[in-house]
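**Q** Dropping a structure here in C-alpha cells format, bear with me for questions.
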Amino acid sequence: MASSFTRSAVATFATLTLLALIVAAQSLVPDETLATEPIASSGDIGEPVDAGQFSITVQEVRFAETVADKDGFGTSGPIEANGVWLVAGVRITSASAPLTNVDAELVMDDGYVYSANGWLSNGLSGGLGTTLEAGIPVAGMLVFEVPEDRISAPVLQVNARESIDDRLSARADIDLGLSGTELDERLSQPEERIDVPAPAKTS
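Under the numbering used here, the first residue of the sequence shown carries the number 32, and numbering increases by one thereafter.
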C-alpha cells in the first residue's frame, strides 16, 4: 500500500505536469493583436504589389525641403520640413469594393515608424479622404516628414480598407530601395519644393 508521502508526491507531480501543459497550450495561442493584425503582402518599388483587396505600385520617391498642396484647400503656403519630406508617388487600385480608408507608414530597419502626414489636403493618406472605386486606378502621393538621420532602408506600409476597422485588412509592404551611398547623395540634394496634386483617377 502506497505511503502518504508517495501519494502526495504523485499528486504534486500530476499538478505540476498539468500546469506545464496549460502554460504550453497558452503559448501556442496568438494574442488578439497578432491574430487580427493586417495581412501583409510584400514587394519592391516599381513593381505592382497585389494585397488582395487592392494593388499598389510605388512609381517614384522624392525628397524635398518643403511641400504644398497644389490647388488644394489646405495650407496657404509651403510647409518646411523639420528634417526632410519624403514623397512617394503611387498608383493604387481597389480590387472589388470601394475602399474609403488609406493609411500609410514608413518603417525603418531600426524599428522607427513614421505615419503619413495629414496636414496636406491632397495627400492620399490623412488628407480630405479619397474613395478608391473598384477597378479604377488612382494616382496620388504619400507624404512623410522624417529626420534625415532616421531614414534607413525604409519599407512603405500601405493599408486600404472599407472602414476604420483595420483588423485582418489588407496591407502592402514595399521596399523603397533606399540605402547606402545613393541614399546619402539624394538626401544631400533635396528638391526645394514639391507641389502635391490631388489624387486623380487614371486609366
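For every residue, glycine included, the Cβ atom is placed at its ideal position computed from N, Cα and C.
Select from G77, A170, V80 and Q220 the residue whose C-alpha is nearest the C-alpha of P230.
**A** Considering only alpha carbons, the answer is A170.
**Q** Do S73 and D206 have their C-beta atoms closer together than 9 Å?
**A** Closer than 9 Å, so yes.
**Q** Does DSSP put T212 in a helix, in a strand, or in coil?
**A** Residue state, collapsed to three classes: helix.
**Q** Just checking my contact of I110 with V98 at CB under 8 Å: how many whole Å lie between their CB atoms?
**A** Yes, I110 and V98 are in contact; Cβ-Cβ is about 6 Å, under 8 Å.
**Q** Assuming R202 and I70 are in contact, meaning their beta carbons sit under 8 Å apart, how far apart are those beta carbons, in whole angstroms?
**A** Confirmed, about 7 Å.
**Q** To the nearest angstrom, how far is the alpha carbon of S125 from that of D204?
**A** Between S125 and D204, the C-alpha separation is close to 16 Å.
**Q** Kindly indicate the opening and closing residues of the beta strand (DSSP E) around A119.
**A** A119 -> beta strand (DSSP E) spans I110 to S125.
**Q** Just checking my contact of D140 with A82 at CB under 8 Å: how many whole Å lie between their CB atoms?
**A** 22 Å between Cβ atoms; not a contact.
**Q** Which same chain residues, not among the five before or five after D134, have their C-beta less than 6 Å away from its C-beta?
**A** Correct list, in chain order: S156 and N190.
**Q** To the nearest angstrom, how far is it from the Cα of E216 to the Cα of F94?
**A** Computed Cα separation, rounded: 11 Å.
**Q** Please name the residue in I123, Q188 and E96 whose C-alpha comes closest to that of S234.
**A** Minimum Cα distance to S234 is reached at I123.
**Q** What does DSSP give as the partner residues of Y236 in its beta bridges?
**A** Nothing about residue 236 can be reported from this structure: the residues present for the chain run from 32 to 234 only.
**Q** Could you tell me the distance, in whole angstroms, from the CA atom of R181 to the CA atom of T212?
**A** Whole-angstrom Cα-Cα distance: 15 Å.
**Q** Quick check on the burial criterion: 16 or more other C-beta atoms within 10 angstroms. Buried or exposed for A264?
**A** Because residue 264 is not part of the residues shown, which for the chain are 32 to 234, the question remains open.
**Q** Please state whether the Cβ-Cβ distance between G154 and V174 is less than 9 Å.
**A** It is a contact, given that the beta carbons lie within the stated cut-off.
**Q** Under 8 Å by Cβ, that's how I've got V121 and I87 pegged, so tell me the actual separation to the nearest angstrom.
**A** With 8 Å as the limit, V121 and I87 qualify as a contact, their Cβ atoms being about 6 Å apart.
**Q** Just curious, the beta strand (DSSP E) that A99 is in, first and last residue?
**A** Start and end: F85 to D100.
**Q** Is the beta carbon of E136 closer than 9 Å to that of S152?
**A** Not closer than 9 Å, so no.
**Q** At a cut-off of 8 Å, would you count I182 as near the ligand SAM, judging by its Cβ distance to the nearest heavy atom?
**A** Within the structure as shown, the ligand SAM is missing, as the structure has no ligands at all.
**Q** In terms of DSSP beta bridges, what is D206 paired with?
**A** For D206, which the question treats as bridged, DSSP gives the partners D75 and V186.
**Q** Take the Cβ of Q220 as the centre, count every other Cβ of all protein chains shown within 10 Å, and call the residue buried at 16 or more, exposed below.
**A** Burial call: exposed.
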